[in-house]
Each structure stands twice: as structure tokens, then as C-alpha cells.
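See below for the structure under consideration.
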Amino acid sequence: SAVISQKPSRDICQRGTSLTIQCQVDSQVTMMFWYRQQPGQSLTLIATANQGSEATYESGFVIDKFPISRPNLTFSTLTVSNMSPEDSSIYLCSVGVGGQGYEQYFGPGTRLTVT
Amino acid sequence: EDKVVQSPLSLVVHEGDTVTLNCSYEVTNFRSLLWYKQEKKAPTFLFMLTSSGIEKKSGRLSSILDKKELFSILNITATQTGDSAVYLCAVARNYGQNFVFGPGTRLSVLP
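Chains as they are written, first to last, in the working numbering: chain A, 5 to 119; chain B, 8 to 118.
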């Protein structure tokens, strides 16, 4: 398994501003993922962030809105840009472990509220 | 379009009851099916299933996968109030990417 921390744990932001969420892992991992979970909904994958390459975004998510950095094998950031109330959500990072990255372990999440 | 369906979406039981949660899927390039328990924010990993018919057990929880009928079940015996949570089913496609999550089953265990 892996121990994952996220900062901040929660934030309240104003419309039009940006927030950067940090994800730190206690071991080196190749695959990191960013998810969004809107109120009452299940998890939706935003993008996959592998170290040394550009993040791969899922349909409906674009780099301009959710830029991701992956500078090394233990750290990643997700920025939510030009926020609107619709971005209010829990944002979770996860890491893929195991020989083929099948198991995913999640960070504690960041609860974002946009006013 | 790939999808994962869970049923029921919500379930209320009393302590000591046994529950069965269902997960069916239609996913291309299936690799594995995973179960998670989500109490507050972060989902907690429970099981990963890759082969049909092999039951995985952890205490009062067990799960099995049927790759022919494309479904999995999660059983919880002798439920406790601490089992109250949302149980998520997810399917992994290809190499650890593109996990597709189901909507979850919200389980409430009453004392």
C-alpha cells in the first residue's frame, strides 16, 4: 500500500480564482491519478499523471482548466483554474501500486467550495 | 460506452444482518474489478478481483467475480454500525488507467 497526503484538506474560494492542490506519497510511484467527486456522485477520473510525461486528460476535462504537474515520483499538483460554483467538489489523488498498477490507494481528499 | 452499475443504491439494515451488494459492468479491455469503502472522503481499498470464481475474504467481508456474467458481489456478514459507508465498485481497464467507478451503494447499519 501507500500513504498519501493532500493539502489543503479543505478550502473556500471565490469565483474566478485558482487553487492548487498538492498530493504527496510516501514512496515512489509511477502512476498518479486525480479524481473529482461532486456532491452525491461517484468518482470521476480527471487525468492520469505519470512522471516525465504530460498528463492524460479524460473526456470533458482540459489542461487549461485543470493543469497538473508531476515533477517527481512522489509528488503531484492539480490546479483548479478560474473556479466557478460548479467546481465545488471533493478532489482526490490516488496512486497505482502493484506490478501492473491495478490497485489504487486514495489520498484523504480536498473539499473545495466555490462561492 | 463503458459503465459500471451497482445495486441497490441504498440499503438500510440492522446490526447482525447479512448484506449482498451487487456490481455489474460493461467495460472494454477488462483487467480487474475493485471494491472500496468510502466513509468520509477517501475510499479505502477492500478487494481486487481478477479471476472468476475465486472468493476473496477479509474478516466478515467477502467478494467474488463472475467474468462470464460480468458481475461481482460483495457480502458482509454480521453487519456492525461501523460498516455504514458507501461501497464503491470500480473496474480497471488496461494498465491501471481509466478506472470506471460505479455510483456506489450507501449502506446504513442501524443498532
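C-beta atoms are modelled at their ideal positions from N, C-alpha and C, and glycine is treated no differently.
Item                                                                                                                                                                    : Value
From the DSSP output, which residues share a beta bridge with A:A53?                                                                                                    : A:M36
Please report the Cβ distance between A:L116 and A:C17, rounded to the nearest whole angstrom; I am assuming they are in contact, meaning their Cβ atoms lie under 8 Å. : 7 Å
Does any residue of chain B bring its CB to less than 8 Å from the CB of A:G20?                                                                                         : no
How many angstroms separate the CA atom of A:I72 from the CA atom of B:V20?                                                                                             : 42 Å
Please tell me whether B:G103 has its Cβ less than 8 Å away from any Cβ of chain A.                                                                                     : Note that B:G103 scores 49 on pLDDT, short of 50, meaning its location in the model is unreliable; the coordinates nonetheless yield the value given after this. Cβ-Cβ to chain A under 8 Å: yes for B:G103.
Locate the beta strand (DSSP E) running through A:N76, then write down its first and last residues.                                                                     : I72 to N76
Quick check on A:P112 - is its C-beta less than 8 Å from some C-beta in chain B?                                                                                        : yes
Starting from A:E107, find everything on chain B with Cβ-Cβ shorter than 8 Å and list it in chain order.                                                                : L41, F52 and M55
Determine which residues share a DSSP beta bridge with A:E107 and list them.                                                                                            : A:V101
Please tell me whether B:L16 has its Cβ less than 8 Å away from any Cβ of chain A.                                                                                      : no
Taking only beta-carbon positions, decide if A:L23 is within less than 8 Å of chain B.                                                                                  : no
If you draw a straight line from the C-alpha of B:G103 to the C-alpha of B:A97, how long is it?                                                                         : Residue confidence for B:G103 is low, a pLDDT of 49 falling below 50, so the modelled location carries little weight; the figure read from the coordinates is stated next. Rounded to the nearest angstrom, the two C-alpha atoms are 11 Å apart.
Could you tell me whether any Cβ in chain A is nearer than 8 Å to the Cβ of B:K48?                                                                                      : yes
As a quick exercise: from A:T52, A:E58, A:T78 and A:R74, pick the residue whose alpha carbon is nearest that of A:S137.                                                 : Residue coverage of chain A in this structure runs from 5 to 119, which leaves residue 137 of chain A outside it and unanswerable.
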